[in-house]
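**Q**
Residue numbers (our numbering), protein chains in the order written: chain Z, 64 to 262; chain F, 36 to 266.
#1: Would you report the Cα separation of residue 191/Z and residue 85/Z, rounded to the nearest angstrom?
#2: Within 8 Å of any Cβ in chain B, is that where the Cβ of residue 234/F sits?
#3: So the candidates are 155/F, 106/F, 177/F, 212/F; which of them puts its Cα closest to the Cα of residue 251/F?
#4: According to DSSP, simplified to helix, strand and coil, what is residue 246/Z?
#5: Strictly below 9 Å CB to CB, what residues from chain F border residue 126/Z?
#6: Hey, quick one: how far does the alpha helix (DSSP H) through residue 174/F stretch, first residue to last?
#7: Go ahead and pull the three-state DSSP assignment for residue 209/F.
#8: From what residue to what residue does the alpha helix (DSSP H) around residue 196/F run?
#9: Kindly say whether residue 190/Z, judged by its beta-carbon, lies nearer than 8 Å to any beta-carbon of chain F.
#10: Determine whether the beta carbon atoms of residue 172/F and residue 76/F lie at a separation below 8 Å.
#11: Could you check whether residue 105/Z and residue 224/Z sit closer than 8 Å to each other, using their CB atoms as the reference points?
#12: Helix, strand or coil: which one does DSSP assign to residue 190/F?
#13: If residue 93/F and residue 226/F are in contact, beta carbons under 8 Å, what's the gap, nearest whole angstrom?
#14: Using a Cβ-Cβ cut-off of 7 Å (strictly less than) and excluding sequence neighbours within five positions of residue 113/Z, which residues of its own chain qualify?
#15: Would you call the stretch 251 to 264 of chain F and the stretch 121 to 133 of chain Z touching, i.e. three or more CB-CB distances under 8 Å?
#16: Skipping 5 residues on each side, what residues in its chain have a beta carbon closer than 8 Å to that of residue 128/F?
#17: Apply the 10 Å Cβ neighbour rule to residue 92/Z and answer buried if 16 or more other Cβ atoms are within range, or exposed otherwise.
#18: Quick check on residue 220/Z: does DSSP put it in helix, strand or coil?
#19: For residue 98/F, decide whether its Cβ has a neighbour in chain Z, counting only Cβ atoms nearer than 8 Å.
#20: Could you give the C-beta distance for residue 265/Z and residue 96/Z, rounded to a whole number, given that I count them as a contact under 8 Å?
And the structure:
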């Protein structure tokens with residue numbers, strides 16, 4: 064029975080490592096979009112500030128409106144691209160959640176037979192089942208918070224410089240996620256190697 | 036003049052476009068190649084594609100140049116004055132000394148302005164070519180009216196479009212580029228003399244985003260290309 068839970072934990076932890084890399088790649092891939100967004104907001108701000116009457120373009124009465132339309136249109140295209148990236152992040156978060164729930168389900172259905180002693184037993188080379196379940200929960204929680212943060216930022220997006228600067232900073236910041244995953248993988252490396260050998 | 040009423044699926048004709056830059060792919064003539072008005076319209080649709088692609092390419096180059104000019108100006112304002120003083124080309128080769136009280140400019144600013152002027156001149160030539168397309172298409176329309184005693188032909192030359200629609204679409208495109216060109220000229224004339232940072236950014240953004248080239252320009256062009264069988 065503990066073979067079943069070990070198998071589930073192995074599958075979940077392997078996915079955690081892969082998904083951490085994908086999360087990082089997806090967030091890094093957003094960097095160019097965020098930079099473009101900052102540039103466009105700067106252009107929008109300058110367009111707004113310029114007094115057209117003092118420029119030779121004063122004879123083009125609607126030029127500011129047209130330019131603002133074009134800049135906002137470009138900004139909206141970028142926001143859509145960020146939403147596409149957000150969808151990828153959401154897929155990662157959903158997968159993490161599914162893995163955690165799957166492991167918990169298997170654990171709960173076998174908990175009585177396993178016994179508390181087995182479940183909390185850890186060795187020098189291997190953490191306990193409860194440790195690994197707890198880490199999976201922590202990772203799922205961080206991913207949920209990180210996804211929700213980015214979703215909120217896009218849902219209430221405003222095209223002003225301060226907001227976009229903050230959005231850019233917040234988007235790139237994944238908090239403790241990577242260090243947590245790194246620690247977990249370090250602590251479970253022998254477990255993962257052993258499980259991999261028995262497959 | 037006898038014309039095919041529908042555009043054949045695989046019409047082939049030799050390249051007739053005189054524009055430089057990338058061309059819509061043309062294939063060797065076959066016995067069923069278009070002639071007369073339909074040939075003219077099809078070739079001009081290819082010309083539109085080539086001219087607009089060329090314009091976009093020059094616009095991108097121009098954007099790099101206006102950005103560089105704006106950066107030079109901003110850096111010159113914020114940093115110490117460089118060792119050299121340069122003369123600035125204003126327009127059409129006139130060389131003026133820097134006005135009293137102005138900042139000393141980096142040497143490369145001169146080159147950027149010259150290159151920008153070249154880009155503008157190329158765009159101006161493209162607009163003239165676009166005007167020729169419209170004039171020719173007007174001629175095709177007038178011919179059709181003449182041949183049908185003042186009425187339009189019942190049968191479209193290609194798939195569904197009446198001949199006038201090609202002229203209308205071309206006129207609409209020409210109108211956009213004719214409105215955009217003087218803005219490019221003003222930016223060319225003003226950007227190297229602008230000190231205000233916000234105004235510099237405004238000019239850069241205006242060059243890049245082309246406020247008078249409307250969103251439907253791509254749709255108009257693609258529609259013409261689909262109708263005439265280029266796509």
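Cβ coordinates follow ideal geometry from the N, Cα and C atoms, glycine included.
**A** Short version:
#1: 27 Å
#2: Among the protein chains in the structure shown, which are Z and F, there is no chain B.
#3: 212/F
#4: helix
#5: 218, 241, 246, 247
#6: 143 to 182
#7: helix
#8: First-last for residue 196/F: undefined, no H or E at that position.
#9: no
#10: yes
#11: yes
#12: coil
#13: Not a contact, Cβ separation roughly 16 Å.
#14: none
#15: no
#16: Bear in mind that a pLDDT of 39 at residue 128/F, under 50, signals an unreliable position, so the model cannot answer this.
#17: exposed
#18: coil
#19: no
#20: Coverage of chain Z is limited to positions 64 through 262, which leaves residue 265/Z absent and any answer about it impossible.
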